[in-house]
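A.B. asks:
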Amino acid sequence: MPVTVLSQTSTVALPEDGPLLASLTDPASRTGTLHIPLEGAGDNRTGVWECTPGRFARQLKNAELMHIVAGSCTFTPEGGEPHAISAGDTLFFPAHTRGMWEIHQTLRKVFVVFADIPEQ
1 MPVTVLSQTS TVALPEDGPL LASLTDPASR TGTLHIPLEG AGDNRTGVWE
51 CTPGRFARQL KNAELMHIVA GSCTFTPEGG EPHAISAGDT LFFPAHTRGM
101 WEIHQTLRKV FVVFADIPEQ
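When you line the sequence shown up against full-length UniProt numbering, it's residues 1 to 120, in that order.
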């Protein structure tokens with residue numbers, strides 16, 4: 001089984017996804033994603049994602065694990081207090097987490113998005 005090593009994850013080139021359709025700011029935040037196929041991960045998705053400054057609602061219904069490698073932001077969960085987040089922080093989002101992202105400085109994260117969404 002091959003091991004994938006990304007040297008200097010905070011600077012590796014990412015394919016551009018374009019403007020974030022859910023952006024609430026003008027100009028719209030832009031994103032890039034490097035999807036990393038991971039043998040044995042089933043339908044779970046893994047990779048590196050980046051987003052330029054802006055504001056938008058969390059779009060995923062899936063549970064997600066992320067580690068921030070660069071940038072800073074605030075995430076405010078629906079009905080909760082804001083969380084100041086910066087490089088070095090690790091976040092665990094339960095399925096169906098809703099809230100608002102405010103990206104202050106271009107944010108880059110390593111992520112695992114879990115395929116199974118438990119029913120609510």
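In this text, a Cβ means the ideal position worked out from N, Cα and C, and glycines have one as well.
Looking at Ile36 and Thr46, is the spacing between their C-beta atoms short of 7 Å?
C.D. replies: Yes, Cβ-Cβ distance for Thr46 and Ile36 is below 7 Å.
A.B. asks: Starting from Glu64, follow its DSSP beta bridges and name the residues at the other end.
C.D. replies: Paired residues: Phe93 and Val113.
A.B. asks: Classify Glu64: buried if its beta carbon has 16 or more other beta carbons within 10 angstroms, exposed otherwise.
C.D. replies: So Glu64 ends up on the buried side.
A.B. asks: Skipping 5 residues on each side, what residues in its chain have a beta carbon closer than 6 Å to that of Val12?
C.D. replies: Correct list, in chain order: Leu6.
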